[in-house]
Amino acid sequence: MYLGIDLGTSGVKAMLIDAGQRVIGSATGKDVATARPHPGWSEQDPADWIRATEEAIAGLRAAHPAELSAVRGIGLSGHMHGATLLDADDKVLRPCIMWNDTRSHREAAALDADPRFRKITGNIVFPGFTAPKLAWVKNNEPATFASVRWVLLPKDYLRVWLTGEHMSEMSDSAGTSWLDTGARKWSAELLSATDLEERQMPALVEGTDAAGILRAELAARWGLGAGVVVAGGAGDNAASACGMGTVREGAAFVSLGTSGVLFAANASYLPNPESAVHAFCHALPATWHQMGVILSATDALNWHSRVTGASAADLTGELGEALQAPSGVTFLPYLSGERTPHNDATIRGAFLGLGHESSRVVLTQAVLEGVSFAIRDSLEALKSAGTKLSRVTAIGGGSRSRYWLSSIATALDLPVDLPADGDFGAAFGAARLGLIAATGADPVAVCTAPATAETIEPETALSAAYEDAYQRYRRLYPAIRAAY
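Residue numbers (the numbering used here): 14 to 497.
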């Protein structure tokens with residue numbers, strides 16, 4: 014048996030699979046709170062991650078005690094970029110500064126102006142990345158900065174609790190702005206530029222490698238045997254790619270989660286930072302990936318839900334399944350700023366083109382279209398970075414809306430595949446990595462793609478209307494930026 018643990022933004026999911034990769038069961042630890050003490054801030058208490066993990070494991074143990082006791086390998090996944098700062102005694106120094114926190118936009122701009130960062134990492138220094146967060150801590154909380162012994166990514170803080178080891182892997186570390194992404198190692202030069210040393214970073218392994226053994230105390234409490242291997246694991250998007258089998262050149266998925274991601278696997282390192290596309294290491298050795306990232310996908314629909322007082326399911330249900338032509342109302346989904354393609358932490362969202370006739374249904378349609386057009390921006394950025402896609406697979410909570418998937422297919426002018434029933438997300442991908450680390454199995458043979466249940470084709474009759482609406486969407490960002 015093999016266990017995948019995925020640290021999400023709002024909870025922790027634990028999934029149990031057998032040697033044939035059949036899902037035995039899963040459980041979730043919930044209610045991981047995000048604090049927003051100031052505009053643009055987003056923080057979590059790492060103690061909540063441990064509590065939620067314990068809760069998820071307890072749920073699995075209650076439902077599948079015999080199977081859980083047979084676990085040989087554990088894989089970890091988690092939200093990326095978070096700055097989890099520990100002192101010499103592994104005590105957390107302050108709340109984790111999260112991936113969608115934009116307070117360090119000035120520090121990010123200053124680091125990005127140093128040409129070494131883009132050259133070595135292959136990426137823009139985004140405010141959400143880890144390095145500018147440490148620069149912010151140095152500038153604003155110097156006593157905390159002086160006490161930092163370890164800078165860990167969120168899932169790797171769980172690893173310390175699980176194993177006592179300070180280790181990370183390539184896919185997650187590529188999102189720090191300290192990794193030499195082509196060489197797959199820490200850059201002492203970039204660390205020095207933020208007044209840090211390599212000794213403050215975790216040791217690096219590949220996501221398929223062993224990166225610690227489960228502590229005897231936890232193994233006994235959970236009913237596991239001795240010597241359970243904990244894999245390097247992956248950042249959440251790379252873990253989802255492992256779960257979806259998106260590991261070969263040209264394979265791609267679109268993820269409609271809290272954020273939105275267009276992810277493409279690459280057999281070689283293809284940086285193009287000017288496009289604002291992320292060029293990161295994959296979780297598998299000698300493999301890389303590109304992705305465009307938007308900061309508000311289902312988050313935009315959830316915001317609309319809170320404002321209108323209707324559930325997200327009711328809002329999308331009012332649209333029906335048949336795709337409609339854009340109404341003329343445009344939504345810019347920049348509720349937390351935007352990454353691809355604008356790299357703009359301070360821009361904010363907007364509705365434009367509102368009239369007396371603009372109903373709730375029209376606004377919901379505009380929200381879904383706005384996210385679809387933001388993902389189209391990512392597609393255009395990937396094209397400029399040399400990646401051509403022929404189709405994508407949809408994952409994430411937003412993929413339950415057929416209307417939304419039809420909108421995305423039409424906006425991208427690409428077929429969108431829906432996987433057969435099953436959970437092939439980050440927890441499943443993490444479990445696969447746990448299997449590989451524990452058994453030495455071939456990663457490509459393990460990380461296969463699920464069967465396709467259905468393909469949603471672009472609505473060609475609406476292609477021209479969608480293209481006109483997209484071009485209008487594209488013109489609005491510079492207009493809003495000028496107003497700001």
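Positions of the beta carbon are idealized from the N, C-alpha and C atoms, including for glycine.
Here Thr-22 has His-92, Thr-271 as same chain residues with Cβ atoms under 6 angstroms from its own Cβ, once five neighbours each way along the sequence are excluded. Here Asn-152 is exposed. Its C-beta has fewer than 16 other C-beta atoms within 10 Å. Between His-317 and Leu-376 the beta-carbon gap is near 7 angstroms, inside 8 angstroms, which marks them as a contact.
Counting the other CB atoms within 10 Å of its CB gives Lys-401 a total below 16, which places it among the exposed residues. In the DSSP assignment, Gln-378 falls within the alpha helix (DSSP H) that extends over 373 to 397. Going by DSSP, Leu-73 is part of the alpha helix (DSSP H) stretching over 59 to 76. In the assembly as shown, Thr-473 is an exposed residue. Its beta-carbon has fewer than 16 other beta-carbons within 10 Å. At a Cβ-Cβ threshold of 8 angstroms, Leu-395 and Ala-277 count as neighbours. By the neighbour-count criterion, in which a residue is buried when 16 or more other Cβ atoms sit within 10 angstroms of its Cβ, Thr-461 is exposed.
Closest in C-alpha terms to Arg-485, from the list Ala-323, Thr-343, Phe-266, Ser-190, comes Thr-343. Residue range 143 to 153 is occupied by the alpha helix (DSSP H) that includes Lys-151. Under DSSP, Pro-432 forms a beta bridge with Thr-465. About 7 angstroms separates the CB atoms of Gly-195 and Gly-135; that is less than 8 angstroms, so the two are in contact.
As summarised for the region 110 to 140, the continuous alpha helix (DSSP H) elements at least 4 residues long and confined to that stretch are 118 to 125, 128 to 134, given in chain order. A contact between stretches requires three or more CB pairs, one per stretch, nearer than 8 angstroms, and the region 156 to 176 meets this requirement with the region 85 to 100.
Classified as buried, Glu-56 has 16 or more neighbouring CB atoms from the shown chains inside 10 Å of its CB. Around the beta carbon of Glu-219, 16 or more other beta carbons sit within 10 angstroms, so the residue counts as buried. Judged by beta-carbon spacing, Leu-427 lies beyond the 8 angstroms limit of Leu-275, meaning their Cβ atoms are not closer than that value. Annotation for Ala-313: Phe-344, Pro-346, Leu-348, Gly-362, Val-380, Gly-383, Val-384 place their beta carbon closer than 8 angstroms to its own, counting only its chain and skipping 5 residues before and after. Around Gly-256, the same chain offers Phe-437, Gly-438, Ala-439, Phe-441, Gly-442, Arg-445 as residues with beta carbons nearer than 7 angstroms, after the five sequence neighbours per side are excluded.
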